[in-house]
Ligand code: FES
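In the numbering used here, the protein residues as written are 133 to 283.
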């Protein structure tokens, strides 16, 4: 089943096509790792929604990516609790270890690093997501062990 058909099928589960839009964008992004103009057009056509509506929603939410990303996405929290517990030094550590700046992608395309706001795990700071997996109580030692599990 291609993306167009998958989106058409999932839209049947929603009371209206607009209600399926977030799910459809997720499916389109999962296919390529980001939302190209072609992917946005596919969503628009599959749901029969205006392109402006699809793009407006896709650009509103930070979970949708609009440029190619690494195979894995590291989202490291540097908000207050995580910052106090050393998240900013972890950012510097990752820069040195993997040569990746926040917002950037490693040279081998293995992962992208994004700084994010609180992910609701302040009592277990510093915390991050790798793709959809949650990791907490990060240190320079365990963050490498965790990242190395994602090839
Ligand atoms: S401040 Fe990082 S999880 Fe809340």
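We put the beta carbon where it would ideally sit given N, CA and C, even for glycine.
Measuring only from the beta carbon, is residue i closer than 6 Å to any heavy atom that is part of ligand 1?
i           : result
residue 247 : no
residue 292 : Nothing about residue 292 can be reported from this structure: the residues present for the chain run from 133 to 283 only.
residue 274 : no
residue 251 : yes
residue 350 : Because the chain is modelled from 133 through 283, residue 350 falls outside the range shown and cannot be assessed.
residue 211 : yes
residue 259 : yes
Nearest to residue i by CA position, among the options, is which residue?
i           : options               : result
residue 179 : 138, 217, 167 and 219 : 138
residue 235 : 253, 212 and 208      : 208
residue 188 : 150, 163 and 217      : 150
residue 260 : 281, 280 and 219      : 219
residue 272 : 226, 237 and 282      : 226
residue 155 : 143, 280, 177 and 164 : 143
residue 254 : 164, 232, 163 and 217 : 217
residue 164 : 135, 214 and 281      : 135
residue 214 : 153, 177 and 252      : 252
residue 228 : 147, 148 and 276      : 276
When you compare the CB positions of residue i and residue j, do they come within less than 7 Å of one another, or not?
i           : j           : result
residue 269 : residue 256 : yes
residue 166 : residue 199 : yes
residue 193 : residue 161 : no
residue 258 : residue 222 : yes
residue 249 : residue 211 : yes
residue 157 : residue 190 : yes
residue 237 : residue 230 : no
residue 172 : residue 186 : yes
residue 267 : residue 278 : yes
Exercise. Counting Cβ pairs, one atom from each stretch, are 3 or more of them under 8 Å apart for the stretch 244 to 251 and the stretch 197 to 209?
Worked result: yes
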